[in-house]
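Take a look at the structure below.
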Amino acid sequence: MDKNFTFRFYNVSRSNNQIPSMVSMLKQSVKEPDKQKREIQLAQDYVIRLENLDDDGADAVVGEFVRCQGTNLPGELDGATRKSLSAKKLAHSIVFRLNHVKGILGVQHDPRVVSVGRILDYLASYNVAAQYRLDPRVNPDAWKKFNGGNTRKLSVRIANPDSMDDLGGDGKAASQGIKAMADAYDAPSILIELSMGHRKGFLSSKVSELAELLATSVGAKARIDKLTAVTVVNDVSEEIDLIEDRQVLKDTLSIDDRDPDKNYKIKVQFLSTRMKNLMG
């Protein structure tokens, strides 16, 4: 079992106060005492449920989503003998913490289990009005360097580009073009590079706005897999990896090999403690 964990952070917003808050939708789900009745099928062979939700002080909640695997189950080993798995289903989980006062969501990053986009789909299944925007929180140091220099090249790779949100401002034309290419060629991933090539000079200053929009505003279902810039700062050319400078936590946790309830407590305790120290 992999004991290395990554957690990512997002600013949570809604377009108006008539939309129910995210914490209220989470609490609505756990009002159902039978956890099996909380299970929602979001796609073929893809079922998740809200397993746990607990208060973490007055400003936050912590919880756990479980992906319920009932097909294509692996076998189990009994010494030298391999046999059919005795369990009816497997439960793969991720934990999260929502500071509902500051509007910050911290999530265990494992999109193969449950992505943030699937969390949004789950909440919307209870109320179609429950639509939220999740913007990744970024490390300001790399962006300060990027915005303070002159950029010669910007490279971006987008997964699920047909699902990306329309970008505002100078990014509108870019998002429309990307989505059009995805629709026309059924491309699950698109790589785009803006570059001065062998010419002297730099890209327009508007490239900074485009990069920021790509990093924070493509939506929950599209994903930025690469965002790098070649920028000249103080007459020195430097490649800056903007996506890796999102606010993330990575650590190895002493989780149990067989006790999911114990592991839930270990993971949420780590996330809660570190998140409070970093951002509240």
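For the record, in the sequence shown the residue sitting at position 142 is 319 according to my numbering, with numbers rising by one throughout.
Don't be surprised by glycine CBs; every beta carbon is placed ideally from N, CA and C.
The beta carbon of TYR303 sits closer than 7 Å to those of MET202, GLN205 and SER206, all from its chain and outside the five residues before and after it, given in chain order.
Under the rule that a run must span 3 or more residues, the beta strand (DSSP E) segments found entirely inside the segment 310-371 read 310-313 and 327-336.
A straight line joining the alpha-carbon of SER352 with that of LEU254 spans about 49 Å. Scanning ALA359, ARG289 and PHE273 for the CA closest to the CA of ILE443 turns up PHE273. From the listed residues ASN229, ARG295, SER263 and PRO338, the smallest Cα separation to ALA220 is found for ARG295. Per DSSP, GLY283 is one residue of the beta strand (DSSP E) stretching across 281-285.
Of the candidates VAL239, ASP236 and ILE420, ILE420 places its Cα closest to the Cα of ALA388. Here the alpha carbon of LYS212 sits roughly 20 Å from the alpha carbon of VAL293. Beta bridge pairing from DSSP links HIS269 with ARG244. Just so you know, the alpha carbons of LYS439 and VAL224 end up roughly 23 Å apart.
For GLN446, the three-state secondary structure derived from DSSP is helix. Rounded to the nearest angstrom, the gap between the Cα atoms of LEU430 and GLY256 is 28 Å.
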